[in-house]
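All residue numbers for the sequence shown refer to the numbering used here, where the first residue is 10 and numbers rise by one. Idealized CB from N, CA, C, for every residue including glycine. The structure presented is a predicted model; accordingly, all values stated were derived computationally and were not measured.
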Amino acid sequence: MSDSPSAAANVAALILAAGKSTRMKSKTPKALHPLLGKPLLRFALEAAQAAGAQRTVIVVGHQSEMVMNSLGDDFEYVLQAEQKGTGHAVQMAEKALEDWDGPVLVMPGDAPLVSARLLESLLEHHSKMQAAATLLTAVLEDAGAYGRIVRDPVTQQVTAIVEAKDATQEQLTIGEIGTSVYVFDPRKLFSALRQISPNNAQGEYYLTDAIALLARQGEVVEAVISPDPDIVRGVNTRVELMELSTILRERIHRALQLSGVTIVDPLTTHIDADVKIGQDTTIHPFTILSGVTDIGEDCEIGPGARISDSKLGNNVSVRDSYIVASEIGDGTRVGPYANLRPGNVVGKNVKIGDFVELKQATLADNVSAGHFAYLGDAEVGERTNIGAGTITCNYDGKKKHRTIIGADAFVGTHSTLVAPVTIGDGAYTAAGSTITEDVPAQALAIGRGRQVNKEGWAAEK
């Protein structure tokens, strides 16, 4: 199967995300709980879109405004004000999809292990068989509380999905279960939903009842068995969220290692789902790579590195340091114990040493800031040296001001640069100076008090 979108045309995705966080014991909707750097619901949305969905409708309910504000305007929303079951949730989308002429992919918003490739195969099978409904199923040794797939004993066609609470003892011995992922012909789906009733142990409208109804009416009901039984695992508690995080982390680590990345100790390494890492890069222990982070080739990251939403070039070294929302050029060394706050652009072959802090700073190629410096709201030219203990005084209590330092400059140890101020190309500042006025190119600036020695003072004291 190719990596291209599904051959099925005009696919709409309907994602069910109206549930409460009752068992999560949380004020945050379950759909928004973070999993490897993004909301849980994002996994289903991205898988559906990658499988070819041209349109995505989300059924929201509990704390719907919070969910919609978090996800933004890229999706359509329908409200399930009362939670009366999965069938009722899908019914809420009938008006939104009443004129849709392609297949509708229905899936839960809390199943992050369902891959785009698997959804693509489901859509292709549905299209090929011209089915009214196609189910994604899995076979488990212990089917527990999952709905059982009932098949005709002769034709092996799906005839029903029976919820565990409503199943007979014989049906409970079935190992094939529904994953709550379906593809439907929308007209036949909504027609069937109008005919179902809540005659079950839960008193709810089950989407699964539509399957039995379509089968009784002689419609084509197909099933695709997932090769990976783990895909059925959803999230109802924080324990399950942790367990799924562990599974996804192992998959991420495995994929990265197979692509040429060395992870020295996977047990002490956390890498989010949207992190990219280049060939021959080594990730050392106690490293956290989060958000949308892109790391190049031949890098040494860690130990003790924490990098989020940043882009690093090739042959970069980061040790025991924090980097947030910054860009780092090829060959640059960061740390130990550096802190790069958001908004930095650092050039090639730069040295950012121990206890150096950057914020909204632009450092050109070959700059050296060895240790104990703060560069905030600053621009530093090529080959400039920043002495130990140097700070840019960028805040006057009301506004932030910029410091501009030219190329080939030498800023002496413990210089205090009071912004706004400019230091020209090739200029020097004497160690211990407080610089309040612009320094011309090639000049030496001395901004310190005259030394006075009082002979015999200590003995008299």
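An exposed status is given to residue 407, since fewer than 16 other beta-carbon atoms sit within 10 Å of its beta-carbon. Sequence-distant partners of residue 43 (beyond 5 residues in either direction) whose C-beta falls short of 8 Å from its own C-beta, in its chain, are 49. In this chain, the beta strand (DSSP E) harbouring residue 377 covers 377 to 380. For residue 261, the enclosing alpha helix (DSSP H) has its first and last residue at 247 to 267. With distances taken between CA atoms, residue 198 lies nearest to 108 out of 263, 108, 209.
According to the DSSP secondary-structure assignment, residue 86 is paired through a beta bridge with 67. The DSSP-derived three-state label of residue 240 is helix. Contact annotation: residue 93 and residue 214 have beta-carbon atoms nearer than 7 Å. Boundaries of the beta strand (DSSP E) harbouring residue 315: 315 to 317, taken from the DSSP string. Straight-line measurement puts the Cα of residue 439 at about 7 Å from the Cα of residue 453. Beta-bridge partners of residue 146 (DSSP): 187, 234.
Apart from sequence neighbours up to five positions away, the residues of its chain that approach residue 229 with a beta-carbon distance below 7 Å are 138, 139, 140, 141, ordered along the chain. Distance from residue 202 to residue 99 at the Cβ level is roughly 6 Å; contact confirmed, criterion being Cβ atoms closer than 8 Å. DSSP places residue 366 within a strand segment (E or B) once states are collapsed to three. If you ignore the 5 residues before and after residue 365, its C-beta comes within less than 6 Å of the C-beta of 347, 378, 382, all in its own chain and listed in chain order. By the neighbour-count criterion, in which 16 or more other beta carbons inside 10 Å mark a residue as buried, residue 292 falls on the buried side.
For residue 169, the secondary structure class from DSSP, reduced to helix, strand or coil, is strand. Distance between residue 38 and residue 71, taken at the CA atoms: about 7 Å. A direct Cα-to-Cα measurement between residue 89 and residue 27 gives close to 7 Å.
Secondary structure note for residue 21: its beta strand (DSSP E) is the uninterrupted segment 20 to 26. Under the three-pair Cβ rule at 8 Å, the stretch 240 to 250 does not count as touching the stretch 260 to 277. The distance from the Cβ of residue 147 to that of residue 238 is about 5 Å, consistent with a contact at the 8 Å cut-off. For residue 157, the enclosing beta strand (DSSP E) stretches over residues 157 to 160. For residue 95, the three-state secondary structure derived from DSSP is helix.
7 Å or more divides the Cβ of residue 394 from the Cβ of residue 370.
Taking every protein chain shown into account, the CB of residue 58 has 16 or more other CB atoms within 10 angstroms, so this residue is buried. Burial is judged here by how many other beta carbons sit within 10 angstroms of a residue's own beta carbon; residue 51 has at least 16 and is buried. One thing to note: residue 247 has its Cβ no nearer than 7 Å to the Cβ of residue 101. In this structure, DSSP gives residue 62 an extended state, which the three-state scheme calls strand.
Taking residue 279 as the centre and dropping the five residues before and after it, the same chain places the C-beta of 258, 296, 297, 298, 299 closer than 8 Å to its C-beta, in chain order. By the Cβ neighbour-count rule, residue 208 is exposed, with fewer than 16 other Cβ atoms within 10 Å of its own.
The continuous alpha helix (DSSP H) containing residue 130 extends over residues 125 to 138. Taken in chain order, the complete beta strand (DSSP E) segments of 3 residues or longer contained in the stretch 267 to 313 are 278 to 280, 296 to 299.
In chain order, 303 place their CB closer than 6 Å to the CB of residue 285, counting only its own chain and leaving out the 5 sequence neighbours on each side.
Taking the Cα of residue 403 as reference, the smallest distance to any Cα among 413, 67, 397 is reached at 413. Residue 360 is bridged by DSSP to 342, 377.
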